[in-house]
Each structure stands twice: as C-alpha cells, then as structure tokens.
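What follows is a short report on a single structure.
2 protein chains.
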Amino acid sequence: MLKKYLLAPGPTPVPSSVLLSMAQPMIHHRSPDFLPILDSAKKGLKWLFQTENDVLILCSSGTGGMVGAVTNFFNAGDKVIVVNGGKFGERWTKICQTYGLNVKEIIVEWGYAVKPSDIENELKADPDIKGVFIQAVETSTGVYYDVEAIAKIVRQFDNTLLIVDAISALVAHDLKTDEWGIDIMVGGSQKGLMLPAGLSFVSISPKAWRANERAKLPRFYFNLKKEHENLQKNQTNFSSPVTLIIALNEAIKLLQNEGLQNVFNRHTTLAHATREAVKAIGLSLYSKESPSNSVTAIEMPAGIDGQTVYKTLREKYGVTGAGGQDRARGKIIRLAHLGYADVFDVIVGIASLEMTLKGLGYPLELGKGVAKAQELLMR
Amino acid sequence: MLKKYLLAPGPTPVPSSVLLSMAQPMIHHRSPDFLPILDSAKKGLKWLFQTENDVLILCSSGTGGMVGAVTNFFNAGDKVIVVNGGKFGERWTKICQTYGLNVKEIIVEWGYAVKPSDIENELKADPDIKGVFIQAVETSTGVYYDVEAIAKIVRQFDNTLLIVDAISALVAHDLKTDEWGIDIMVGGSQKGLMLPAGLSFVSISPKAWRANERAKLPRFYFNLKKEHENLQKNQTNFSSPVTLIIALNEAIKLLQNEGLQNVFNRHTTLAHATREAVKAIGLSLYSKESPSNSVTAIEMPAGIDGQTVYKTLREKYGVTGAGGQDRARGKIIRLAHLGYADVFDVIVGIASLEMTLKGLGYPLELGKGVAKAQELLMR
Chain A
0 MLKKYLLAPG PTPVPSSVLL SMAQPMIHHR SPDFLPILDS AKKGLKWLFQ TENDVLILCS
60 SGTGGMVGAV TNFFNAGDKV IVVNGGKFGE RWTKICQTYG LNVKEIIVEW GYAVKPSDIE
120 NELKADPDIK GVFIQAVETS TGVYYDVEAI AKIVRQFDNT LLIVDAISAL VAHDLKTDEW
180 GIDIMVGGSQ KGLMLPAGLS FVSISPKAWR ANERAKLPRF YFNLKKEHEN LQKNQTNFSS
240 PVTLIIALNE AIKLLQNEGL QNVFNRHTTL AHATREAVKA IGLSLYSKES PSNSVTAIEM
300 PAGIDGQTVY KTLREKYGVT GAGGQDRARG KIIRLAHLGY ADVFDVIVGI ASLEMTLKGL
360 GYPLELGKGV AKAQELLMR
Chain B
0 MLKKYLLAPG PTPVPSSVLL SMAQPMIHHR SPDFLPILDS AKKGLKWLFQ TENDVLILCS
60 SGTGGMVGAV TNFFNAGDKV IVVNGGKFGE RWTKICQTYG LNVKEIIVEW GYAVKPSDIE
120 NELKADPDIK GVFIQAVETS TGVYYDVEAI AKIVRQFDNT LLIVDAISAL VAHDLKTDEW
180 GIDIMVGGSQ KGLMLPAGLS FVSISPKAWR ANERAKLPRF YFNLKKEHEN LQKNQTNFSS
240 PVTLIIALNE AIKLLQNEGL QNVFNRHTTL AHATREAVKA IGLSLYSKES PSNSVTAIEM
300 PAGIDGQTVY KTLREKYGVT GAGGQDRARG KIIRLAHLGY ADVFDVIVGI ASLEMTLKGL
360 GYPLELGKGV AKAQELLMR
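For the record, the sequence lines run as chains A and B. Take the first sequence: its letter number 343 is residue 342 in numbering that gives the first Met the number 0, and every next letter is one higher. Take the second sequence: its letter number 355 is residue 354 in numbering that gives the first Met the number 0, and every next letter is one higher.
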C-alpha cells in the first residue's frame, strides 16, 4: 500500500470534482448543449488571463499553443529575439527556426533570470525585431522572469510583439496580460489549471491581431484567426475536446471560489516555505535568482545523484517529483507546488526529501526542513 | 426528464467504464507508471489498425493527424490526387494547398463513391503523382469508398503513397492496413473508438517512412519521425494526454473482448437494419452507392426541412443526430451506428425519426420502419 503523491511541475494532481466532471455522458460539440459550456470556458479564461481579449482554446498540449503563437504572427525571415535560459527557451528557438524565423538568442545561464535591460538593448539596436519570446517560468530551472518589466520595454516598440509562454506560470503567478501589455500568452491545461494534458490556451492582443493580417506562414490545425471566428460563435474549428472543456469549467470554478489573489498568495506562501525548508536542510536552490512560485529546483549535494533521489522518492516513498533536464540532469531535483497544492503537499515533499537524502547517506537532521515549513505554513 | 441519446457520427457515446477510467488520479507521462500504459495502447492500436507498423498517438483532434499525414511525407509542389466527394475530401484539399502541394482533385458527386478506375487513369497519365488522398468513409455523405480496390491500384506505383482518412470508418469497417497496402491511415478518438475527442492516430508504412526522409515541409508539433522515435521508448514528444490514453486502453479492451470480426459484423448489421427501416418508412438514402457501416444519411422528403427534423429530434425527443453540411444542409438527416452502438440505438433512431416526421405532417404509418429494424435485428 504505497500511496502516491504527484509533486511534478506538470502534470499536476487533478481534484476529484474535476476528474468526475469528465465522467458525464458525451455531448455533441455542434449541438446547442455545447454553447453554454464553451461560453463559460471563454469567460473563465478571460478572468484567469486577466484580459478583455478572447483566449483561444486549442486541442493540443501546450507546445501546440506555442507553435500557433509563431505561425500565426510572423513570416519566414522575420527577426525575433528568444530568451533561452533553459529547455523551454530552447523550444521557442526550435519552433521559430522550424518556420524560418531569424532568431537572435539571448542566452541566460541556467538558474538565472534574463535582465530586462538586455532585451531593451537588443530592441534599441535593431528596430526591425518583430517579436520577443520568453517564458514566464522556465520550468527546467524553476526561474521566474520579470514579465512586467519586460512588457514595459517591449510595448514601447510598435512593431514588436511580446510572446509569453506562461504554461508553468499561469495560476501560480500574477500575470496582468492587458495591464502590462502581453501580446500573446500561452497556457496549458496540465499545470496550474489542475487538468489532464490536452488543452492549450492562447490570448491575443489587438496589436498581435494586426500582425496576424500580414503573417503568411502556413497554418491549418493551429489557424488562430479561424479559431477566433469560431470562438465568437461558441464553436471550435475542429472536433472540440468537450470532456476537457467541461473539466476546465470545473477547475476554473474552484479557482474562482478561492479568489484570484488568494490563489496567487497560496502559491507564494507554499513556494516560500519550500525554499526556506530546503535551506534549513542545508541545501541550495538551483534558481540563483527569482525563484518561481510554481516549482522549486533544488541542487543536490556533492556525491548525491539527482536521478537516484528522483527514483528513491518514487519507489520508496511514492512521491513523484521531477529530475533535472539536459545539463541539469543528475544535479537537481524539482518539487512543484502548482495548482491543486496545499500545506501538506509541501510537508510531504520536504519530509520525503529528507528521508531520501538521509537514506542515501547525506548527513542531515530529520525534521529540520519540515519544522521550518511548518513554522511558515501555520495559519 | 428528457433522456438524451447521441446518434451523431462523432462524437459518439462513451461507455461508462471508459468514462470512469478517466477519473483516476493523474500520473506523470515521464514516470515509469506511464510506460506500460503507452505500451498497451501501442499494441492495441496495432491490433485495431491491422498492422505490424507502429501507430502514432497524437494529442489533437483527427484533423491534426491529417495535417501530419501531409506535412511529414510531401514537399511543396508535389503533385497529389485528392478524392473530393464531400466535406472531408475538401478538407484534404485545403490542408494540401495550405502547404503548397499541387492538388489534382477527383470530384465525386455527393452521395456517390469514387470509381477506383478514375484514380488508376490519373496515376497512369502522370507517373509523377506522389500521393492519393481519400476518405474511407466520407462522413458528410455517409459513403464508403472501396479502399481495398484503391489500395490495389496505388501500390503498383512505387512513388505514390495512399493516405486514408479512416476517422469515421475505423471500427465500423474492416480496413486491412498491411494486407491491402495502406501507407498512411488516420484515425480519431471520438468515433468508433468510443472516446472523447482529443487523440488522433496515424499508421505509417515503410514506403511512407522512405518518403518522410525526403519531405522538407516545416513541422514541429506534428513531427511524426520524432513521435515515432519516442513511441519506441513508450514516450510521446510533448506532454502526453495520459487520461485519454488510459481511456483508449479501456475502449480497446472492450473491442478485444467482442472480437474484431464481431465488431465489424455488428456495425454491418446495425447499418443494414437502419437502411432497410428507412426504406420501409418510404424514405430514400442520400448515399446512392456504397452506404457506410458508420452513419446512414437519409434524404428528407419534399417539403420537410432537414434542419427542422434535426431540431425536433433533439428538442422533442432528446435524440442528437446530425444534419447535412454545406450543399446537403436541410436536405438530409444523418443517424450514426458507430462505436458504442447496439440494436436499441437503431430502434430509438428510427422510432424518433418516424415520430418527428409524422409530427411535421409527413404521411407515414408509425412503427413500419421500427418493425423492419426489429425483424432484421432479432437475434
């Protein structure tokens, strides 16, 4: 009887009421039954994305939304900046290059945040840059980029769009889409939204829609203009993932009951407690700057292999975190506090990490990290 | 208390055990928990597709699989044939043209099947044709094309691939992928497979993989070679729709318990009974040739509007069928017998159609169609 705990930065645990909402008899997406469902999802996403613009719902993983954000707003040869500070920055580059964009990368050392002034300097040096692609949270390093400051810079350039991958940040970080001027923001279902994978979301500003008119890259499945026309009629281009959209409404209802500011505060508190507990154990954070509210990346001490920690956590304690990717593989363990997460997810994560490290021979005093988390999480 | 009956050609009803399989706690697609799940899905799909080749699982609606079938095997400028005999033939043309293929359409009158000899003549006239795109079942007209005869022709041409949209045909029709030599076959989850929308499936022959090596169209989200490499490790490129893949395994288990030939026989019997009942009512089939086992398209009598019939069936009787699309709009009603369908789905469909038409003033003898269906469906 090994109970299972999912503490990965996506997929994240799905609340029972959301799981059960998917067990309803199927309804047809072209019948009137579906119209109020999609209408409700549309309104809920505007609330969550903090925007007056429509948020498109695509039947794909988050990466599909990222592809749509490239192919619908740019042309081959367009000069764009990609902030590459981890696996998902690298993904922006790969997508842009696949479609022939001219990518200038701002390379950020893993574990650090991009300096907004570096983006400003690039934009000032070349007024022909058509887009700036960033993550809000770079999942592979656990770092949050200063989206507000970056948006403040980019919005001064009339011909430059800001495209934010908020897949891991949404729900955990307060992202003021309209107020800050984020042109395109991409979300995914299997993260803060507490849903299974299968939906991506894209919000689009009027400035981005103007770029769409000039964008000629081929697109069919992710044709966002057609998707938008259909959404205005409470329809989708192709067969709607009705089941996941019903679940989306249930998840949004849970977040609305909590209140958006409370949701952000909860994530801030859980993340802070996790970090302080990690330090109390005597470990270091992998995120040297601006650690995110979504996931905490923890450096493994000398002589302890991160993949062994990942495996031990899973096999001995039933706790699924995430190891490091690429150059961080073996060096870190990541514990998320994202979406359907509360006090005792943090306690379980820290307690199991202490027990695992102790078992692997790392000298620590059991309960020290837990006590720190308890102290910070007492209500 | 209006009970609801879903008799549309996708989405189709989802069995309770499949719905409930989706209510399990989330697991991580990069954890060992997922490997046996995807392995099982892989084996189940090979069985269902009747192929030794791997069947890829994509997180998209069926149209995503269609896009992948174009962008991974062709180049801009390639000459291809599209059989266009309805809305979904038209979709092949649109996708191919979006990516710059040189499309020669074989236009088939709605309600009729393509003549295999017409394809043969085109291929003989131009040895440079790289692909033939067809539907197995053209959902908009309810017609089944003779895939076996078409495959026999196309496989004689070394440089020509046969690409079959089997989204509405799979499970209802016996499609012998390997034996007939279908190079690429696309399926979707929300049809015969009795699942919610959100997955597409693509089987790929060795001949198609050779074409893939020369194909240079841009692709990222639907990069089938990478998807295949990952599938061999029981992984997917991006966040896996774990929930739907668990449901897929449950649905395949139901089909395997029934037996593949029994599944086809059931669909043949239900479709035959539906057609004969329709004739007993005094109505005509819209499919003038080769009506499918998936869906029966029924011509509305003079003075009766198909959309009114669709609406009355839904609102008065709780029965969701499908109306006609485009030029068939208002002229037909479609009743499916696809996937999780049995004797009494046919009886409900015919009974509600009789009651609806009678209510709209069409002179018919109630129960005549039902009696014919009963006679043919007695076990």
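No residue lacks a Cβ here, since even glycine has one placed at the ideal position from N, Cα and C. Values in this document were obtained by computation on a predicted structure and should not be read as measured data.
Cut-off 8 Å between Cβ atoms - residues of its own chain near residue i, not counting five sequence neighbours on either side
i        : result
Gly76/A  : Gly99, Leu100 and Asn101
Thr307/B : Leu359
Ile297/A : Val277, Leu282, Ser283, Leu284, Tyr285, Ile331, Ile332, Arg333, Leu334 and Leu352
Ile346/A : Val369, Ala372, Gln373 and Leu376
Cβ of residue i within 8 Å of any chain B Cβ
i        : result
Ala196/A : yes
Pro35/A  : no
Pro115/A : no
Val79/A  : no
Phe87/A  : no
Gly360/A : no
Met21/A  : yes
Ala250/A : no
His271/A : no
His28/A  : yes
Ala124/A : no
Phe219/A : yes
Pro10/A  : yes
For residue i, the three-state DSSP class (helix, strand or coil)
i        : result
Gln134/B : strand
Tyr316/A : helix
Arg114/B : Reading off the sequence shown, one finds Lys at residue 114/B, where the question assumed Arg. Residue state, collapsed to three classes: coil.
Ala75/B  : coil
Ile56/A  : strand
Tyr309/B : helix
Lys86/A  : helix
Leu375/A : helix
Thr97/B  : helix
Arg218/B : coil
Glu353/A : helix
Beta bridge counterpart(s) of residue i as assigned by DSSP
i        : result
Glu298/A : Ile331/A
Lys103/A : Ile80/A
Ala321/A : Arg333/A
Ile203/B : Ile183/B
Leu5/B   : Thr319/B
Min CB distance residue i to chain A below 8 Å
i        : result
Lys3/B   : yes
Gln189/B : yes
Met25/B  : yes
Ala165/B : no
Ile297/B : no
Lys93/B  : yes
Own chain, CB closer than 7 Å to residue i, minus 5 neighbours either side, in chain order
i        : result
Ala210/B : Phe72 and Leu160
Leu363/A : Ile280, Gly281, Glu353, Leu356 and Lys357
Leu375/B : His271, Ala272 and Glu275
Ile244/B : Ile36, Leu37, Ala40 and Ile56
Lys215/A : Asn74
Ser59/A  : Ser199
Lys2/A   : Gly317
Pro14/A  : Met193, Leu253 and Tyr339
Ile251/A : Gly43 and Leu47
Ile94/A  : Met65, Val66 and Val69
Close beta carbons around residue i, own chain, < 6 Å, minus the five adjacent residues each side
i        : result
Met21/B  : Thr242 and Ala246
Asn292/A : Ala171, His172, His266, Thr267 and Ala270
Trp179/A : Glu147 and Ala150
Met184/B : Val163, Ala165, Thr176 and Ser202
Gly368/B : Ala276, Ala279, Ile280, Ile349 and Glu353
Trp91/B  : Val81 and Phe132
Gly110/B : Thr140, Tyr285, Ser286 and Lys287
Leu254/A : Val262
Arg154/B : Gly180
Asp304/B : Gly329
Asn233/B : Leu34, Leu37 and Asp38
Q: Please specify which runs of the alpha helix (DSSP H), each continuous and at least 4 residues long, are wholly inside the stretch 124-199 of chain B, giving them in chain order.
A: Counting only runs that start and end inside the stretch 124-199 of chain B, the alpha helix (DSSP H) elements of at least 4 residues fall at 146-153 and 176-179.
Q. Counting only runs that start and end within the stretch 230-303 of chain A, where is the alpha helix (DSSP H) found for 4 or more residues in a row?
A. Segments of the alpha helix (DSSP H) lying fully in the stretch 230-303 of chain A: 241-257 and 259-280.
**Q.** alpha helix (DSSP H) runs wholly inside the stretch 19-55 of chain B, at least 4 long, in chain order
**A.** Taking only runs of at least 4 residues, the alpha helix (DSSP H) segments lying wholly in the stretch 19-55 of chain B are 33-48.
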